[in-house]
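Under this note's numbering, the first residue of the sequence shown is numbered 941, with each subsequent residue one higher.
Only one structure is covered here, and it is reproduced in the block below.
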Amino acid sequence: MKKFLLNKKVDINSISFSGVLSNIDKANKFDLLIIDDVTGISSFDDYSIKDYVDNADVGKKIIISMKKIVKDKVLYEMNEDLNLFKEPRSIQTKINLNEDMPHVVFEFLKWFMLNKTRVILIAKDGESCINVSKYMRKYSLLFPKLKKIYMYTEFNSFNDFANYVRDEHYVYLTTSDQLPKLYNFIIDNPMYNNFNILVFFASSNKFNYKSLLSICGMCKFLTDCKNEIIFVSNYENIEIIMAKVISRSYNKKLWESGVKKY
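Okay, structure coming up:
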């Protein structure tokens, strides 16, 4: 960005960049404010963005987001590649996911292993990730093809893991805290594409509709239509519902416009 602006002979000193809204004083006067809330895993909630935009002394404002945040403004919808969004499956269960998983999820895992596809399982935190790994290893006794299970703590990064493990199929267990690093790796390595994603404890406050949609956005690199993104939770909260609705409504517009076929 800075190189582009220098080529255009723009005074860099007149431009402020920040990854945190609170670091930019709302009292400062700017000709243009651009908020990018879609590149990477968002760290802002909608209320914070709206409050900042409403109170900032700015001539023009551009908000790049997953849904309309400011009312009565011009709305432009865009996707540079016009790709369909991967719509997630949502599985609800009464089972305590710290102790076991529903049979239907086990069936999905068996199917993934039989088709030699990788699985990235994202849990809400480190403790729940350990709990899932314990009963996952027990299931591997029933289904030996499920025996290749790796924990994120065994490696310095997902990049190290991908360079070290060459198996055609496996389950890689990680947490919501590691999601930004995982997302960046997949964006930077589009050839790493034959995988499915399971999000356990999807209704946890560790996930919101933005992070869930970002996970769905990784589908750009899923080349096999059989691959899945599955949210597993005890109930569907508003964040899961919003992620499903936004992904469906976007695809519907592409279908209705004739850009993409069913």
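Where is the CB? At the ideal position from N, CA and C, for every residue including glycine.
Bear in mind the structure is a predicted one, so any value in this text is a computation, not a measurement.
Hey, quick one: how far does the alpha helix (DSSP H) through residue i stretch, first residue to last?
i: residue 1100; result: 1098 to 1104
i: residue 1123; result: 1119 to 1128
i: residue 1132; result: Neither: residue 1132 is in no alpha helix (DSSP H) and is coded neither H nor E.
i: residue 1154; result: 1149 to 1157
With DSSP as the reference, label residue i as helix, strand or coil.
i: residue 995; result: helix
i: residue 1057; result: coil
i: residue 973; result: strand
i: residue 1112; result: strand
i: residue 1088; result: coil
i: residue 1001; result: strand
i: residue 1079; result: helix
i: residue 1035; result: coil
i: residue 945; result: With a pLDDT of only 49 at residue 945, under 50, the local geometry of the prediction cannot be trusted, and the value read off the model is given with reservation. Looking at residue 945 - three-state DSSP - the assignment turns out to be helix.
i: residue 1046; result: helix
i: residue 990; result: helix
i: residue 1144; result: coil
i: residue 1016; result: Only weak support is given to the placement of residue 1016: the predicted model assigns it a pLDDT of 49, under 50, and the value that follows is read from those uncertain coordinates. Coil.
Taking the beta strand (DSSP E) that residue i belongs to, which residues open and close that run?
i: residue 1177; result: First-last for residue 1177: undefined, no H or E at that position.
Taking all protein chains shown into account, do 16 or more other C-beta atoms lie within 10 angstroms of the C-beta of residue i, making it buried, or fewer, making it exposed?
i: residue 1157; result: buried
i: residue 1039; result: exposed
i: residue 1184; result: buried
i: residue 1188; result: exposed
i: residue 1084; result: exposed
i: residue 1061; result: buried
i: residue 1092; result: buried
i: residue 1081; result: exposed
i: residue 1152; result: buried
i: residue 1126; result: buried
According to DSSP, residue i sits in a beta bridge with which residue or residues?
i: residue 1171; result: 1030, 1139
i: residue 1062; result: 1114, 1139
Where residue i and residue j are concerned, what is the direct C-alpha to C-alpha distance, given to the nearest angstrom?
i: residue 1181; j: residue 1115; result: 21 Å
i: residue 1103; j: residue 1129; result: 12 Å
i: residue 1068; j: residue 1113; result: 10 Å
i: residue 995; j: residue 1052; result: 49 Å
i: residue 1172; j: residue 1027; result: 14 Å
i: residue 1169; j: residue 1175; result: 17 Å
i: residue 1140; j: residue 1094; result: 20 Å
i: residue 1045; j: residue 1150; result: 24 Å
For residue i, verify whether its CB is less than 8 Å away from any heavy atom of the ligand PLP.
i: residue 1186; result: This structure lacks the ligand PLP, and indeed carries no ligand of any kind.
Kindly indicate if chain C contains any beta-carbon less than 9 Å away from that of residue i.
i: residue 1002; result: The structure shown contains no chain C, having only a single protein chain.
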